[in-house]
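Chemist: Using this note's numbering, read the sequence shown as starting at 769 and increasing by one per residue.
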Amino acid sequence: MHIHKNFNTLKSFAILLFPTVLSPNILATPIGDTIENEVHSKIINKPVPINNANSEFTSLQSDVKDTLLIDNTIKHPDIAQFLSPYNYEYKIKKGDNLGLIFEKFHLRYSDLMRLMESDLNFLSLDTIMPGNVIKIWKTKKSNKLLRLELKLNLSDTVSYTLNGSSYDYNTYSDPGTWKESRIKGKVIRTLSGSAKKVGLSNSEIAQMTALLQNKINFSKELKKGDQFEIIRKTQYINGKKTRNHEVEMVKIQNKGKTYSAILHTDGQFYDGDGKSLEQAFNRRPVSKRFRISSSFNPNRLHPVTKRISPHNGTDFAVPSGTPIASVGDGIVILTRKHPYAGNYVVIKHNNTYKTRYLHMSKILVKKGQKITRGQKIGLSGSTGRVTGPHLHFEMLIKDKAVNAMTTSIPSGTPVPPLEMKSFIENKKRLDAI
Ligand SMILES: [Zn+2]
């Protein structure tokens, strides 16, 4: 009880210090309003079907287990020292938020702030969904958080381990095994109705039409009897399907012609001749006249702690109120208020690329909104923990931060001549599946 009181004292104190911290987002917003995999679908604004989100975790108990946590799933050398009867496993429920979860386990508010500070470069805590499993290791008397592990899905886990006064961030992925399958169908009334019948998801249908939108007029030209197919790659772990899957090829037969989209090793789709089917990206979200004040640096040393503290984005020196433009077409999958990242927006461009825009003074878009390249999504500012106004811009390829100023971005150019041979070989391989 004593600790609980302390938490509340800290919380009220923190409201004074960080008015944004406990207001609408992060700590107070219920978890569970994002379905990453269905992001292209029209149902984005509907509530998450909790049973769906939970389907992968049916074997886990939903309530707090106040018993010894024995972890058979992941073996890390640093885990053993934390095993004690005061560790917990908890499955996130709809309506939960990190503040509530910390309160439930009598954890300290100051540790929550520290945890979020450590998460600033990754923002994994903001992707928590119902059904995710959190494991907590804490000290018996003082309820100090020693380690928090978050299982995002069957294959991906992130962990935060106390190291001095901050938490070290780590990710663990089980590569599992991938199986490829071909799913075929014929248009009976509508493409989406017929595609759903053979088992394609909303996001796969959206992807199929987005890729071939310049080749086929889907509202007028697609006729009864036209054929469609995809090759889908699905991840399995211990014989169970994970949430991870990827479309490798799309084909539609329309008016006697076959149109295809083939995924290349660069994560981009090309037609059968190797011509790009991707909408081009801009490299910068702000005008060229603004200088870069801090570059992407995965090995940046923290000036005080001397520990590696990656800078996973590019900072642009922009005065407050500067318009920020999305670098490509996409869908807003997250808008948040974060005590350290400030007001930020995440845009999913396709299954490979995402971008994040931090420290905004104003967010001008809503989750689920479709965005076109160059569209204004917000105004720059100095929200979160910053020394002055700037835009921190991140590009993620398959959820890994890359240097947006140098990485290969969709530019509408064909498969490079040197890669053409492997592209054709892969196309033949997919055709034969
Ligand atoms: Zn930055």
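We put the CB at the ideal spot given by N, CA and C, even for glycine.
What are the boundary residues of the alpha helix (DSSP H) that includes Lys861?
Modeler: From DSSP, Lys861 is part of no alpha helix (DSSP H); its letter is neither H nor E.
Chemist: Any chance the CB of Ser1129 is under 7 Å from a heavy atom of ligand 2?
Modeler: Only ligand 1 can be found as ligands here, which leaves ligand 2 out of the picture.
Chemist: Just the Cα atoms here: how many angstroms apart are Leu959 and Ile1020?
Modeler: Going from the Cα of Leu959 to the Cα of Ile1020 covers about 10 Å.
Chemist: So Leu728 and Ile1092 are in contact, right, with Cβ under 8 Å, and what is the actual spacing, rounded?
Modeler: Not covered by the structure: residue 728. The range shown for the chain is 769 to 1201.
Chemist: Please return the same chain residues whose Cβ sits closer than 6 Å to the Cβ of Asp924, not counting the five positions on each side in sequence.
Modeler: Correct list, in chain order: Ser941.
Chemist: Can you name the residues that DSSP bridges to Lys1203?
Modeler: A question about residue 1203 goes unanswered here, because the residues of the chain that appear run from 769 up to 1201.
Chemist: In terms of residue numbering, what span does the beta strand (DSSP E) encompassing Asp879 cover?
Modeler: No beta strand (DSSP E) holds Asp879; the alpha helix (DSSP H) holding it covers Tyr877 to Ser886.
Chemist: Name the DSSP bridge partner or partners of Arg915?
Modeler: BP columns for Arg915 point to Trp905 and Thr929.
Chemist: Is the beta carbon of Thr1090 sitting closer than 8 Å to the one on Phe1161?
Modeler: No; because the gap between Cβ atoms is not below 8 Å, this pair is not in contact.
Chemist: Around the Cβ of Asn985, are there at least 16 other Cβ atoms within 10 angstroms (buried) or fewer (exposed)?
Modeler: Under this definition Asn985 is an exposed residue.
Chemist: I'd like the list of long-range same chain contacts for Asn754, defined as Cβ closer than 8 Å, with 5 residues on each side in sequence excluded.
Modeler: The first residue shown for the chain is 769 and the last is 1201, placing residue 754 beyond what the model contains.
Chemist: According to DSSP, what are the bridge partners of Lys1074?
Modeler: Note: Lys1074 sits in no beta bridge, so no partner.
Chemist: State whether the region 855-870 contacts the region 878-896, with contact taken as three or more CB pairs (one from each stretch) at a distance under 8 Å.
Modeler: They touch, by the three-pair rule.
Chemist: Grouping DSSP H, G and I as helix and E and B as strand, with all else coil, what is Pro1185?
Modeler: Reduced to three states, the DSSP call for Pro1185 is helix.
Chemist: If you run the structure through DSSP and keep just helix, strand and coil, what is Gln975?
Modeler: Looking at Gln975 - three-state DSSP - the assignment turns out to be helix.
Chemist: Going by C-alpha to C-alpha distance, which of Thr1103, Met1128, Pro1107 and Tyr1108 sits closest to Ala1116?
Modeler: The question names Ala, but residue 1116 is Lys in the sequence shown. Among Thr1103, Met1128, Pro1107 and Tyr1108, the Cα nearest to that of Lys1116 is on Thr1103.
Chemist: Going by the beta-carbon positions, is the gap between Val1154 and Ile1145 smaller than 8 Å?
Modeler: Taking 8 Å as the Cβ cut-off, Val1154 and Ile1145 do not qualify as a contacting pair.
Chemist: Unbroken beta strand (DSSP E) runs of length 3 or more, entirely within the region 1019-1086: which are they?
Modeler: Segments of the beta strand (DSSP E) lying fully in the region 1019-1086: 1025-1031, 1060-1062 and 1082-1084.
Chemist: Suppose the cutoff is 6 Å on Cβ atoms and the five residues either side in sequence are ignored; what does the same chain contact list for Ser962 look like?
Modeler: Closer than 6 Å at Cβ, skipping near neighbours: Gly953, Val955 and Ile956.
Chemist: Mapping DSSP to helix, strand and coil, what is Lys965?
Modeler: Note: Lys965 maps to helix in three-state DSSP.
Chemist: With a threshold of 8 Å, are at least 3 pairs of Cβ atoms found where one atom belongs to the region 1047-1066 and the other to the region 1113-1129?
Modeler: Yes, the region 1047-1066 touches the region 1113-1129.
Chemist: So what's Gly1149 in DSSP terms, helix, strand or just coil?
Modeler: Three-state result, Gly1149: strand.
Chemist: Run the CB neighbour count on Trp905, radius 10 Å, all protein chains shown included, and call it buried at 16 or more, exposed below.
Modeler: Buried is the call here.
Chemist: Taking 7 Å as the cut-off, is the beta-carbon of His1070 closer than that to any non-hydrogen atom of ligand 1?
Modeler: Not under cutoff, so the answer is no.
Chemist: State yes or no: is the C-beta of Arg1051 within less than 8 Å of the C-beta of Met1173?
Modeler: Yes, the Cβ-Cβ distance between Arg1051 and Met1173 is below 8 Å.
Chemist: Using the Cα positions of Arg1075 and Ser934, report the straight-line distance between them to the nearest angstrom.
Modeler: Taking the straight line joining both Cα atoms gives about 10 Å.
Chemist: Just the C-alpha distance for Ile973 and Leu922, rounded to the nearest angstrom, thanks.
Modeler: Cα to Cα, the separation comes out at about 24 Å.
Chemist: Count the other CB atoms, across all protein chains shown, that sit within 10 Å of the CB of Arg1000; report buried if there are 16 or more and exposed otherwise.
Modeler: Buried, since its Cβ has 16 or more Cβ neighbours within 10 Å.
Chemist: Can you have a look at Pro1178 and say buried or exposed, based on whether 16 or more other CB atoms are within 10 angstroms of its CB?
Modeler: Buried is the call here.
Chemist: Just verifying my parser: in three-state terms, what is the DSSP assignment at Ser987?
Modeler: Of the three classes helix, strand and coil, the one that applies to Ser987 here is coil, per DSSP.
Chemist: If you follow the beta strand (DSSP E) that Phe996 is in, where does it begin and where does it stop?
Modeler: Per DSSP, Phe996 belongs to the beta strand (DSSP E) from Gln995 to Ile1005.
Chemist: Among Lys909, Asn911, Leu916 and Lys908, which has the Cα closest to the Cα of Asn900?
Modeler: Closest by alpha carbon: Leu916.
Chemist: Do Tyr1027 and Phe1191 have their CB atoms nearer than 8 Å?
Modeler: Cβ atoms of Tyr1027 and Phe1191: not closer than 8 Å.
Chemist: Considering only the beta carbon of each residue, do Val1018 and Val1054 sit closer than 8 Å?
Modeler: Not closer than 8 Å, so no.
Chemist: Quick check: does the Cβ of Asp942 come within less than 7 Å of any heavy atom belonging to ligand 1?
Modeler: Because no heavy atom of ligand 1 lies under 7 Å away, the Cβ of Asp942 does not count as near it: no.
Chemist: Measure the CB-CB distance between Asn911 and Arg882 and report whether it falls below 8 Å.
Modeler: No.
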